[in-house]
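Participant: Protein chains in written order, with the numbering used here: chain A, 1 to 406; chain B, 407 to 688. By construction, the Cβ of each residue, glycine as well, lies at the ideal position given by its N, Cα and C atoms. As the structure is a prediction and not an experimental result, all values here were calculated from the model.
1) Would a check of beta-carbon distances place residue 421/B closer than 8 Å to chain A?
2) Check whether the stretch 395-405 of chain A touches the stretch 341-359 of chain A, counting contact only when three or more Cβ pairs, one atom from each stretch, lie closer than 8 Å.
3) With DSSP run on the structure shown, which of helix, strand or coil describes residue 212/A?
4) Can you look up residue 304/A in the DSSP assignment and give me helix, strand or coil?
5) Suppose you measure from the CA of residue 381/A to the CA of residue 151/A; what does that come to, to the nearest Å?
6) I'd like the list of long-range same chain contacts for residue 425/B, defined as Cβ closer than 8 Å, with 5 residues on each side in sequence excluded.
7) Let me confirm a value: residue 410/B is counted as buried when at least 16 other C-beta atoms fall within 10 Å, else exposed. Which label applies?
8) DSSP three-state call for residue 533/B: helix, strand or coil?
9) Quick check for students: name the residue ranges of the beta strand (DSSP E) that lie wholly in the stretch 153-187 of chain A, counting only runs of 3 or more.
10) May I ask you to report which of helix, strand or coil DSSP gives residue 660/B?
11) Over what stretch of residues does the alpha helix (DSSP H) that includes residue 596/B continue unbroken?
12) Under 8 Å, do residue 296/A and residue 339/A count as touching if we go by C-beta distance?
13) Compare the C-beta of residue 12/A against all C-beta atoms of chain B and say whether one is closer than 8 Å.
14) Tell whether a beta-carbon distance below 8 Å holds between residue 335/A and residue 369/A.
15) Per DSSP, residue 346/A forms a beta bridge with which residues?
16) Cα separation between residue 670/B and residue 448/B?
17) How far does the alpha helix (DSSP H) with residue 522/B in it reach, from first residue to last?
18) Going along the chain, which residues of its own chain have a beta-carbon closer than 6 Å to the beta-carbon of residue 16/A, five neighbours each way excluded?
19) According to DSSP, is residue 116/A helix, strand or coil?
20) Using a Cβ-Cβ distance cut-off of 8 Å, determine whether residue 48/A contacts chain B.
21) Any beta carbon of chain B sitting closer than 8 Å to that of residue 248/A?
22) Determine the contact status of residue 293/A and residue 362/A, defining contact as a CB-CB distance below 8 Å.
23) For residue 329/A and residue 366/A, what's the separation of their Cα atoms in angstroms?
24) Enumerate, from N- to C-terminal direction, the unbroken beta strand (DSSP E) stretches of 3 or more residues contained entirely within the stretch 439-523 of chain B.
25) In terms of residues, what are the limits of the beta strand (DSSP E) holding residue 45/A?
26) Taking the alpha helix (DSSP H) that residue 239/A falls in, what are its first and last residues?
27) Taking 6 Å as the limit between beta carbons, can you name the residues of its chain near residue 259/A, skipping five residues before and five after?
28) For residue 634/B, go through chain A and note every residue whose CB falls closer than 9 Å to its CB, in chain order.
29) Output yes if chain B places a C-beta closer than 8 Å to the C-beta of residue 189/A; else output no.
30) Chain A partners of residue 600/B, CB-CB under 7 Å?
31) Give me the residue from 686/B, 446/B and 512/B with the minimum Cα distance to residue 558/B.
32) Which whole-angstrom value describes the C-beta separation of residue 494/B and residue 484/B, a residue pair presumed to lie in contact below a C-beta threshold of 8 Å?
33) For the putative contact between residue 583/B and residue 436/B, defined by C-beta atoms under 8 Å, what is the C-beta separation to the nearest angstrom?
34) Of all the options 153/A, 69/A, 277/A and 349/A, which has the alpha carbon lying nearest to the alpha carbon of residue 318/A?
35) Using the beta-carbon count (16 or more within 10 Å), is residue 54/A buried or exposed?
36) With 8 Å as the limit, tell me which residues of the stretch 285-302 of chain A have their beta carbon closer than that to any beta carbon of chain B; keep them in chain order.
Next comes the structure, spelled out in structure tokens:
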């Protein structure tokens with residue numbers, strides 16, 4: 001099975017291509033380095049060869065599994081290689097596998113079997129013949145309307161309006177400094193440079209101050225059945241926030257939960273909103289199902305919180321809070337989540353009812369732990385959210401509802 | 407070399423170390439806390455007899471604390487004294503920090519530079535490291551570029567509290583340090599805590615291995631195993647029992663939720679399982 005030394009460099013290049021198809025980004029420089037590394041280590045031992053290539057090529061822990069699968073397939077069956085080069089055979093006989101394919105394995109097999117992976121089944125996009133440019137007055141009318149009551153065309157318009165929205169997150173004092181005339185602290189380095197120019201005299205004392213830093217934005221969005229009319233809109237909201245990152249917030253991490261928690265952050269980097277939403281749609285498998293808030297928050301706390309909340313963050317929790325089971329666990333998970341964030345803002349579409357009062361057990365449990373409780377059922381409420389984050393939310397229902405709880 | 411210093415490495419980590427030494431590439435170690443990432447740097451430095459320069463990262467780490475700083479007071483005095491005759495940007499006014507020290511020639515050969523917990527530093531510092539790590543040179547604007555004659559051995563570690571940028575990782579040899587399996591953990595425990603009795607070690611490692619399979623906030627690392635073994639040795643414990651575990655679990659688990667879960671019944675269950683496994687083996 002061992003390719004002869006003369007074709008080894010070629011094989012490594014083909015191997016890198018196979019990896020790319022399986023979704024592991026490999027640069028040309030990395031391939032060159034890998035070739036050098038293989039020369040240094042020698043091509044005598046399979047494990048060493050594997051380690052060498054892996055160390056040179058993989059840069060992320062989540063790619064390790066894919067790498068291992070592609071590696072074992074590629075260097076076991078050179079037939080794969082033949083097929084890949086010539087692309088003559090559309091179907092590859094994969095060596096008999098007794099156990100079901102692991103996810104990474106099936107991705108690897110897919111990359112081996114054809115040029116670029118099978119085209120996924122995409123849900124058909126609704127074809128709407130509407131004007132892309134909506135006049136201001138059109139949007140004006142829409143701002144009061146509940147997302148739930150909108151027609152398809154109005155939804156498209158609202159989506160366009162959402163894309164222009166802006167979150168005004170508060171800043172906090174960073175640990176890097178910049179020159180500021182009214183500050184107290186003297187910037188010694190600049191002071192010395194200027195003094196040198198003026199022959200050793202300190203004429204001005206330049207001052208410095210800590211530069212403000214942006215918070216991270218973390219969005220946890222409920223996509224269960226009871227949120228159906230809002231979750232799509234919220235996805236648009238999150239996507240447009242993610243695209244505008246670096247403005248008033250540093251990084252955006254997105255998660256969806258219904259019965260399970262999904263990380264959609266990588267998908268939010270796709271520029272085109274429709275492509276991003278489509279990708280999210282295929283990635284997330286529990287759309288419009290039941291909801292298990294407590295266990296989803298639990299798995300966020302366990303597996304993600306330490307990674308995404310390590311830099312100061314604002315967390316937007318989008319859910320109606322209608323949790324039936326696990327109230328005790330919900331309390332604990334909410335408390336833990338709140339401890340790890342600068343601000344935990346709960347966006348709840350149920351606030352569309354004027355007479356809303358916290359009756360449901362889930363809502364009564366969650367309410368004390370959030371820092372603000374705001375509506376998100378129409379464009380107006382979202383606009384208020386984006387305006388009010390820095391100056392204080394006008395439409396914060398938390399205090400009023402906490403009063404009702406007692 | 408690694409083994410002689412009491413570090414039990416698997417073959418791939420050993421290969422990686424060899425590669426890093428021959429290709430002059432930094433090693434990027436990622437993994438949970440307490441799996442021996444920092445230890446590798448210390449062991450390499452000791453094994454090769456090189457100096458170890460450690461740079462602990464934190465948010466806001468800047469050139470003044472990581473590379474160099476000018477001695478402003480001395481410069482001021484010199485400027486007033488010499489009335490501008492002497493150049494105040496001279497190396498004698500330079501306070502050298504970790505990265506600058508690392509590119510300087512050392513008597514015992516190029517040093518080992520440990521950049522610890524890079525995930526705690528912020529993006530600007532990461533970007534700064536790109537130059538330092540790819541060419542092993544640092545720039546002091548007033549003096550020019552200072553390049554290492556012999557590149558140092560660089561080891562970066564990350565606990566993955568955030569994703570480090572790919573551009574930085576691409577310049578390194580990446581290795582994910584996983585929890586060791588039973589045999590390796592036994593080997594490490596015997597090498598590091600030789601005073602622990604064989605029977606106790608077996609039980610302890612089996613317990614920790616089972617513990618890692620439970621659903622927890624923080625799975626105990628290798629460092630916790632070693633700590634626990636030392637605790638038990640200090641207490642003259644010969645065999646694990648639910649009481650002993652309750653008393654000493656603080657050495658292993660650091661989250662109240664995890665502790666409550668384990669002391670509240672899971673410990674006894676796991677112990678029972680281990681006893682059965684051991685009997686089955688005999």
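Facilitator: Taking the structure as given:
1) yes
2) yes
3) strand
4) coil
5) 19 Å
6) 431 and 579
7) exposed
8) helix
9) 171-179
10) coil
11) 588-598
12) no
13) no
14) yes
15) 317/A and 373/A
16) 39 Å
17) That residue, residue 522/B, is in no alpha helix (DSSP H); its beta strand (DSSP E) goes 518-522.
18) 26 and 31
19) Its pLDDT being 38, under 50, residue 116/A is placed unreliably in this model, and the value from its coordinates should be taken loosely. If DSSP states are grouped into helix, strand and coil, residue 116/A belongs with coil.
20) yes
21) no
22) yes
23) 11 Å
24) 458-462, 474-476, 500-502 and 518-522
25) Where residue 45/A is concerned, there is no enclosing beta strand (DSSP E), given that its DSSP letter is neither H nor E.
26) 228-243
27) 286, 289, 290 and 292
28) In chain order: nothing, as chain A lies at least about 22 Å away.
29) yes
30) By Cβ distance, chain A contributes nothing, its closest Cβ being about 29 Å from residue 600/B, past 7 Å.
31) 512/B
32) 5 Å
33) 7 Å
34) 349/A
35) buried
36) 301 and 302
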